[in-house]
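Residues in the sequence shown are numbered from 11 upward in steps of one, following this note's numbering.
Below: the structure, in structure tokens.
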Amino acid sequence: MKRIEDFEVTGLTWLNNENYLLECCAATKLPEVLPGNFAEIRVDHTPEVFLRRPFSIYDVNHERNSISFYIKVIGKGTRILGNLKPGDNINIIYPLGNSFKLVNGKNVLVIGGGSGVAPFLLLGKKLRQENTNITFLIGGRAEKDILLTDALAEYGDIQITTEDGSLGEKGMVTGHSIIKNGLGAFDKIYTCGPDPMMKAVANIAKKNSIDCEASLENIMACGFGACLCCVVETTTGNLCVCTEGPVFNILDLAW
Ligand SMILES: Cc1cc2nc3c(=O)[nH]c(=O)nc-3n(C[C@H](O)[C@H](O)[C@H](O)COP(=O)(O)OP(=O)(O)OC[C@H]3O[C@@H](n4cnc5c(N)ncnc54)[C@H](O)[C@@H]3O)c2cc1C
Ligand code: FES
11 MKRIEDFEVT GLTWLNNENY LLECCAATKL PEVLPGNFAE IRVDHTPEVF LRRPFSIYDV
71 NHERNSISFY IKVIGKGTRI LGNLKPGDNI NIIYPLGNSF KLVNGKNVLV IGGGSGVAPF
131 LLLGKKLRQE NTNITFLIGG RAEKDILLTD ALAEYGDIQI TTEDGSLGEK GMVTGHSIIK
191 NGLGAFDKIY TCGPDPMMKA VANIAKKNSI DCEASLENIM ACGFGACLCC VVETTTGNLC
251 VCTEGPVFNI LDLAW
């Protein structure tokens with residue numbers, strides 16, 4: 011059930027000069043949050059950032075009624091949110107959107123880059139409960155862009171690529187030796203990150219006949235299916251990512 015609620019900021023931790031973790035607590039018990047669900051956070055009421063900004067839900071703690079977000083600074087909204095202090099209030103609509111479909115007792119490859127890593131912690135926690143083995147393949151430009159792998163390592167094996175070779179294998183995620191050596195060991199791929207990366211991953215999944223879900227981060231305005239600014243072309247026509255996604259099976263996308 012969707013909620014609109016005030017949260018108190020309980021922590022904001024900068025991970026490097028452009029990414030931070032924002033944690034906030036609700037006064038009431040949180041609803042169930044599924045991996046892939048997102049939230050619309052109100053920044054403030056000034057005209058430039060009047061519209062809420064969408065973020066994947068990174069983590070949830072039901073004992074503390076806390077929810078957290080992994081945010082990369084892109085423009086004004088994400089910069090303003092990065093200035094929040096413990097004790098500040100923010101208004102959040104959540105949980106929104108659909109979720110990744112979990113598989114039981116399988117081997118999965120979870121591929122992401124940038125802020126696309128945000129939904130992977132909850133995904134890892136849920137897949138662990140399903141006795142599924144996870145390999146996380148995380149890519150970035152350089153070592154400083156590879157974040158949160160310590161948290162993910164609790165739920166699976168970590169493989170890394172960096173474009174400059176400063177950490178892990180040099181190159182893009184799609185050139186990692188796991189992929190080059192064949193994907194026969196994997197039953198499913200989950201991906202989230204920049205569109206070109208997800209499209210390349212989708213092509214690899216198709217070639218290898220592996221089930222694959224992608225979580226899209228299309229630009230959103232209203233967040234509830236009214237403005238149509240988030241549409242994605244699918245095999246059955248244009249669909250709103252905010253209401254029909256953000257998670258899609260890649261075979262349903264007209265990529
Ligand atoms: C479902 C969903 C989940 C998301 N989850 C996360 C997350 O967990 N962490 C995170 O850091 N970001 C996430 N994003 C992206 C995030 O919503 C945007 O980065 C944010 O809204 C930018 O706001 P801003 O005011 O800082 O930038 P703006 O001033 O709104 O935009 C600055 C520039 O970035 C472009 N831009 C804005 N939004 C996006 C976008 N979604 N994709 C590409 N370019 C964009 C604009 O066109 C503009 O050129 C998610 C987006 C969606 C749709
Ligand atoms: S953001 Fe308005 S329809 Fe999806």
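Note that CB positions come from ideal geometry on N, CA and C, so glycine has one too.
The structure displayed is predicted, hence computed values, not measured ones.
Quick one: give me the first and last residue of the beta strand (DSSP E) that Ala-36 is part of. Where Ala-36 is concerned, the enclosing beta strand (DSSP E) starts and stops at 29-36.
Count the other CB atoms within 10 Å of the CB of Asp-174; is the residue buried (16 or more) or exposed (fewer)? exposed
Buried or exposed, going by whether 16 or more other CB atoms sit within 10 Å of the CB of Ile-84? Classification of Ile-84: exposed, given that the 10 Å Cβ count is below 16.
For Ile-260, three-class secondary structure by DSSP: helix
Nearer than 6 Å: is that true of the beta carbon of Ala-49 relative to any heavy atom of ligand 2? no
Going straight from the alpha carbon of Leu-249 to that of Val-242, what length do you get? 5 Å
beta-carbon Leu-238 near ligand 2 non-hydrogen atom, thresh 6 Å: yes
For Ser-109, the three-state DSSP class (helix, strand or coil): coil
Whole-angstrom distance between Ile-121 and Gly-149, CA atom to CA atom: 8 Å
Note down, in chain order, each residue of its chain lying with its Cβ closer than 6 Å to the Cβ of Gly-46, except the 5 sequence neighbours on either side. Ser-109, Phe-110, Pro-129, Ser-225, Val-257
Give me the Cβ distance between Ala-236 and Leu-61, rounded to the nearest whole Å; I'm assuming they're in contact under 8 Å. At roughly 12 Å, the Cβ-Cβ gap does not stay under 8 Å, so Ala-236 and Leu-61 are not in contact.
Arg-138: first and last residue of the uninterrupted alpha helix (DSSP H) it sits in: It spans 130-139 - the alpha helix (DSSP H) in which Arg-138 sits, taken as one unbroken run.
Cβ of Phe-79 within 7 Å of Cβ of Leu-32? yes
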